[in-house]
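FYI, in our numbering the residues of the sequence shown are -8 to 366. Yeah, the Cβ is synthetic: ideal placement off N, Cα and C, and Gly gets one too.
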Amino acid sequence: MKMTISKKGLYEGLETAAKAISPNSPVPALSGIKIEAEENSLILTGSDADVSIRYVLTNEENEDLKLNVIETGAVVVDYRYLLEIVRKIESEEIQIEILDGTLTRFSGGSAEFKINGFRAESYPEIDFSKPGNTFTIGSGVLSEIIEETAFAANSKDTRLVLTGVNFNSDGTKIICTATDSYRLARKIVPVESEPFKITVLAKSLNMARSIFGSKEADVEISLNDKKILFSSSGIIMQTRLLEGTFPETDRLIPAEFSRELVVNRRMLISAIDRTSFIKTDNMFIIRMQISGNEILLTTKSQEIGESHEDLIAESYTGDPIDISFTGNYVSDAAKALNTDNIRIRFTGDMKPFILVNDGNDDSVLQLVLPVRTYN
C-alpha cells in the first residue's frame, strides 16, 4: 500500500471510525482501524463487534481529499497511535506506505513515523450488507429523535432492554420510546416503511447522532431483527439490536388531567438547577407547590440545609398541588422540549405527570413519576 491524502480528510475519517472502537477490546485487531487503499478510494473501518463503522473516502465525495492511491493494500493500526501520529504531522498532505509486512510509514513535512500494525487478514469479517427494510429520514429528524428520547433510557444494565430506545412502526409512523421505569420520553415521527418493532442501545444512537446529526443530508436506515444500519455521505454505521420485550408503555400515560401549568421553559430549568445542589439519599428531590400563578420550589436536607425558589406561572388551571420529583428528571425532560413555554399536566399528587410543548405540537411527550416525601 502506498498513497497520499490530505491530513484534514484523513483525520476526519479516522476520528469517525474510531468512535466504534472499545479501548479494552479482547481482540487485539479490534483495537485498530483497518485501512484499505483501493484504486479510487480509502476505506476506514472501526468496530467493537457490537457497533461497526465503515467510512469510504473518495475524491468524488470530498473534492479537498486529494487522495492518490499509488499501490493498493491494507493494514490495521492501533487507533490511539494512528490518531496521534496524524494529528502531530504538520503538513496539509500525508504519505502512507507499508514498508515490510505490517510496518507502516506515515510522513509529511519534516516528520516521519513508522509503526507496526496488524495484518488485514487478522481483522474480523464484518457484514455491512443492508437489510431489506429500508427507509430514509433527514439527519435533523434523526438527531431530534435521539436528543428527545435517548436520555430517558436506563444507564444501568439491570434490565438490558431498558438501556435502549424502542422504535415501533405501523407503516406510516414510528413511535420512539425510552424509559428507565421512573421517567419516559416519547416522540412520534411520520415515516413510511414496512412495519417493525426494535430496540436500539441508547449509547449507539448517541454515536449515530454525533456522526450524522451535523450533516445536512438524508440518512438511509436499514434494519432487520438482528441489526440496524445507518448510511449517509460514504459513512455506514451499524449496531446490533437489543433482545427482549420492551414494556407496553401506553398504559403509563394518563388519559385525563385535572391540573395544567404553563411555565417558561428556561426559567424552570434554571430554577431547578439552582435548587438542585442539595442531595437526599443521593438524589436531587424537589418539592413543587403551586397555587394560582405562584410556584414554590423547595429542597431540604437535615444535614445540609434548604433552598427556596419562587416562580411565576404563565397560567395555571385546577386546584393547588403539592408534588415532589427528582429534579434532574424534570430538567432533562424540559430540555428535550423546544418551545419557549411548556405545559405540565398533572392528575394528582402521587400520579405520573407529563411535560409537552406549548401549542399544537403533540409529537413529543415527557413523563415523570413523582417521589413520595414526608414533609
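Sorting 11, 61, 38, 209 by C-alpha distance to the C-alpha of residue 31 places 61 at the top. If you draw a straight line from the Cα of residue 112 to the Cα of residue 34, it is about 15 Å long. Taking the C-beta atoms as reference points, residue 167 is found nearer than 8 Å to residue 180.
Assignment of residue 129 by DSSP, reduced to helix, strand and coil, places it in the strand class.
Take the alpha-carbon of residue 138 and the one of residue 211: they are about 19 Å apart. Residue environment for residue 301: exposed (fewer than 16 other C-beta atoms within 10 angstroms of its C-beta). For residue 186, DSSP records no beta bridge to any residue. Taking the Cβ atoms as the reference, residue 24 lies roughly 16 Å from residue 94, outside the contact range of under 8 Å. Two segments are said to touch when three or more pairs of C-beta atoms, one from each, lie closer than 8 Å; by this definition the region 143 to 161 does not touch the region 332 to 344. Counting the other CB atoms within 10 Å of its CB gives residue 218 a total of 16 or more, which places it among the buried residues. Around the beta carbon of residue 22, 16 or more other beta carbons sit within 10 angstroms, so the residue counts as buried. The secondary-structure analysis by DSSP pairs residue 296 across a beta bridge with 292. Taking the CA atoms as reference points, residue 286 sits about 22 Å from residue 356. CA-CA distance, residue 26 to residue 244, rounds to 49 Å.
Between residue 106 and residue 68 the beta-carbon gap is near 6 Å, inside 8 Å, which marks them as a contact.
Residue 347 and residue 140 have their C-alpha atoms some 13 Å from each other.
In this structure, the beta-carbon distance from residue 79 to residue 130 does not fall below 8 Å. For residue 242, DSSP records no beta bridge to any residue.
Excluding five sequence positions before and after residue -3, the CB atoms of its chain that fall closer than 7 Å to its own CB belong to 55, 56, 57, 83, 84, given in chain order. Taking C-alpha positions only, residue 289 is separated from residue 336 by approximately 20 Å. If one requires a minimum length of 4 residues, the alpha helix (DSSP H) runs lying completely within the region -7 to 46 are -2 to 9, in chain order. Under a 10 Å Cβ-count criterion, residue 103 is classified as exposed, with fewer than 16 other Cβ atoms of the shown protein chains found around its own Cβ.
Straight across, the Cα-Cα distance linking residue 239 with residue 47 is about 40 Å.
Inclusion of residue 318 and residue 49 in the CB contact set at 8 Å is not warranted, their separation being larger than that value.
A residue is called buried once 16 or more other Cβ atoms fall within 10 Å of its Cβ, and residue 171 is buried on that count. Every beta strand (DSSP E) of 3 residues or more that sits fully in the region 91 to 167 is shown, in chain order, as 94 to 99, 102 to 107, 124 to 129, 155 to 160.
Between the alpha carbons of residue 310 and residue 304 lies a gap of roughly 14 Å.
For residue 200, the enclosing alpha helix (DSSP H) stretches over residues 193 to 203. In this structure residue 322 touches residue 264 by the C-beta definition: roughly 7 Å separates them, less than 8 Å. Per DSSP, residue 266 is one residue of the alpha helix (DSSP H) stretching across 256 to 266. Taking residue 159 as reference, the option from 136, 20, 10, 146 with the minimal CA-CA separation is 136. Note on geometry: alpha-carbon atoms of residue 169 and residue 296 lie some 35 Å from one another.
As the crow flies, the alpha-carbon of residue 252 is around 39 Å from that of residue 234.
Bounds of the beta strand (DSSP E) holding residue 178 are 174 to 181. Residue 255 is positioned such that its CB atom lies closer than 8 Å to that of residue 331. If you ignore the 5 residues before and after residue 4, its C-beta comes within less than 8 Å of the C-beta of 33, 35, 46, 48, all in its own chain and listed in chain order.
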